[in-house]
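Participant:
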Amino acid sequence: MANTKKSKKNVKRKNPARKEHAESKKKIPDARSKMREESKQATLITLLERPCGATIDEMAKATGWQRHSVRGMMSGVLKKRLGLSIASEKEERGRIYRIAARTI
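Those letters in the sequence shown? Residues 288 to 391, per this note's numbering, in order.
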């Protein structure tokens, strides 16, 4: 009987794409560099850059998202991935969020 298993001697064991992916995580991207201007992420950043800032309700209404999705976007993408610093204050109209300064 012949052996039906084929040898995998010529298969690369290391995945170079993973190394490139890990290296790309180290770079802090510019918030505006690769963003579409009409995206919901761009809408949130525009609202947060205003001098008066924005409330969660204003951001949810502008994007059509639920409130927890807006908070998740601020925490996960804007803070962690883009490195933006978001400040919040309690004012008459509620809790106001603004982009404070860029962290490096």
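Glycine is no exception: its CB is placed at the ideal position from the N, C-alpha and C atoms.
Grouping DSSP H, G and I as helix and E and B as strand, with all else coil, what is Ser326?
Facilitator: One-based indexing of the sequence shown puts residue 326 at position 39. Of the three classes helix, strand and coil, the one that applies to Ser326 here is coil, per DSSP.
Participant: Under the assumption that Leu371 contacts Ile386 (Cβ atoms under 8 Å), give the Cβ distance between them as a whole number of angstroms.
Facilitator: Mapped onto the sequence shown, residue 371 falls at position 84. Mapped onto the sequence shown, residue 386 falls at position 99. Their Cβ separation, rounded to whole angstroms, is 5 Å, which keeps Leu371 and Ile386 in contact under 8 Å.
Participant: In angstroms, rounded to a whole number, what distance separates the CA positions of Ala341 and Leu335?
Facilitator: On the sequence shown, position 54 is the one that residue 341 refers to. On the sequence shown, position 48 is the one that residue 335 refers to. The straight-line gap from Cα to Cα measures roughly 6 Å.
Participant: Alpha carbon to alpha carbon, how far is Glu345 from Lys367? Give it in angstroms, no decimals.
Facilitator: Here residue 367 refers to the residue found at position 80 of the sequence shown. Here residue 345 refers to the residue found at position 58 of the sequence shown. If you take the alpha carbons of Lys367 and Glu345, they lie about 22 Å apart.
Participant: Output the boundary residues of the alpha helix (DSSP H) element that contains Lys348.
Facilitator: Residue numbering aside, residue 348 sits at position 61 when the sequence shown is read from its first letter. Per DSSP, Lys348 belongs to the alpha helix (DSSP H) from Ile343 to Thr350.
Participant: Rounded to the nearest angstrom, how far is the Cβ of Ile343 from that of Val357, given a contact under 8 Å?
Facilitator: Taking the first residue of the sequence shown as 1, we reach residue 343 at position 56. Taking the first residue of the sequence shown as 1, we reach residue 357 at position 70. With a Cβ gap of about 6 Å, Ile343 and Val357 count as contacting.
Participant: Who are the near neighbours of Cys339 in its chain, counting only those whose CB is closer than 8 Å to its CB and skipping five residues on each side?
Facilitator: In the sequence shown, counting from the first residue as 1, residue 339 sits at position 52. These residues qualify, in order along the chain: Ile383.
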